[in-house]
Amino acid sequence: MAHFHLILCLLAALILPSYSQKILRILPGDAAISNGNAAANNNGLFCDSWRLSVETNNAGYWATIPARCLRYVEAYMNGHRYVSDSAVVAADASYFARDINIAGDGKDAWIFDIDETLLSNLPYYRDVGFGSEIFNETSFDEWVDSAKAPFLPASLKLYKELQRLGFTLVLLTGRDEAQRNATEKNLLFAGYRNWERLILREASDVGKPAVIYKSERRAQLKAEGFRIHGSSGDQWSDLFGPPMASRSFKLPNPMYFIK
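To convert a position in the sequence shown, counted from 1, into the numbering used here, add 20.
Here it is in structure tokens:
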């Protein structure tokens, strides 16, 4: 028996290093480490794994998408999979919402982010490489002022259902107060109506990370007696930070990251 265990140990010493060298390691940037693994050169596989790391909040901070993933992100955002992924998130939110007992006092709240949650900025990002270029605040503000962003179908459907169920809808965005008129105009153009509040960054919020700004606004709502049952956003910074909603629903967005 001792000889048998010795043989197994020797085999493991020979096999495991060789095997471990072939494991594909996906990093949050434009890199992959591999030895003899053809999958490392497969941009589709790499970019699919990179997107998973983004959506599961494992990628950490990143400023642009990996250069090799431009075509992948373009195809994803323009294709059926993005629509399907968004619809699944909305359906999960809908199932959760139907189980909530609405008190009828106007305090049962659901919070929505706006960009890439209620409104789609895909027409803008088509012109700037789907997130392959460094964010340009000036050109994006010009796009916001045009008030032409279309609705996200799954989100508009969820929004209307939550209203029918009796939820109070609060819109919490990282846009500036100066963009209120353009934002309201765009929301109405896209089909959104009868929100309770539209909260934008005030002068005192300039420079605050999104996760701090949005958690502070949720705390204010809670102090007013609102019960925040659900929260929908495309960034983890839309959802994290105390107090969090009872359930948070992350929509897909591989184009940019906001802290």
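Beta carbons: idealized from backbone N, C-alpha and C, even for Gly.
**Study point:** Minimum Cβ-Cβ distance from Asp225 to chain D less than 8 Å
**Key:** This model lacks chain D altogether; it includes just one protein chain.
Review point. For Lys270 versus Glu136, is the C-beta spacing smaller than 8 Å?
Key: no
Exercise for review: Can you check DSSP and say which residues form a bridge with Thr188?
Suggested key: Ala129
**Study point:** Range covered by the alpha helix (DSSP H) that runs through Leu207
**Key:** Arg200 to Ala210
Review point. So what's Thr193 in DSSP terms, helix, strand or just coil?
Key: strand
Check your understanding: Short check: CB of Ala117 to CB of Ala174, under 8 Å?
Key -> Not a contact, by the Cβ cut-off of 8 Å.
Review point. For the 8 Å Cβ check, are there 3 or more pairs between the segment 226-236 and the segment 75-87?
Key: no
Practice item. Flag this pair as touching only if the segment 161-178 and the segment 213-223 have three or more C-beta atom pairs under 8 Å; answer yes or no. Key: no
Check your understanding: Anyone know if the C-beta pair for Ser252 and Phe160 falls short of 8 Å?
Key -> no
Practice item. Please check the pair Leu189 and Trp130, which I expect to be a contact at CB under 8 Å, by giving their CB distance rounded to whole angstroms. Key: That pair is a contact at about 6 Å.
Review point. Nearest to Asp112 by alpha carbon, out of Ala198, Lys177, Tyr233 and Lys279?
Key: Lys177
Review point. Quick one: what does DSSP say Ser159 is sitting in, helix, strand or coil?
Key: helix
Practice item. Please name the residue, chosen from Arg71, Arg195, Val109 and Val93, that lies closest to Leu142 on a Cα-to-Cα basis. Key: Val93
Point to revise | Cβ separation of Tyr102 and Pro272, assumed to be a contact under 8 Å, to the nearest whole Å | key: 6 Å
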